[in-house]
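Numbering (the numbering used here), first residue to last: 322 to 370. Shown next, in structure tokens, is the structure this report addresses.
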């Protein structure tokens, strides 16, 4: 299994956002989703799947 998948860059800094999840991505291989900043290595939020 993969460690992580990058879906897209952050669309904006606040408010609701939606991101497409590829059809071939098996979400059963992952335990959570996160908003993470690569540049500063900071997690801004996460949730269990």
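Quick reminder that beta carbons are idealized off the backbone N, C-alpha and C, glycines included.
Within the DSSP bridge table, the entry for residue 366 names 356 as partners. At the C-beta level, residue 329 and residue 340 come within 8 Å of one another.
Proximity to residue 368 across 362, 352, 359 peaks at 352, based on C-alpha coordinates. In the three-state reduction of the DSSP assignment, residue 324 falls in the coil class. Nearest in C-alpha terms to residue 326, of all of 366, 347, 365, is 347.
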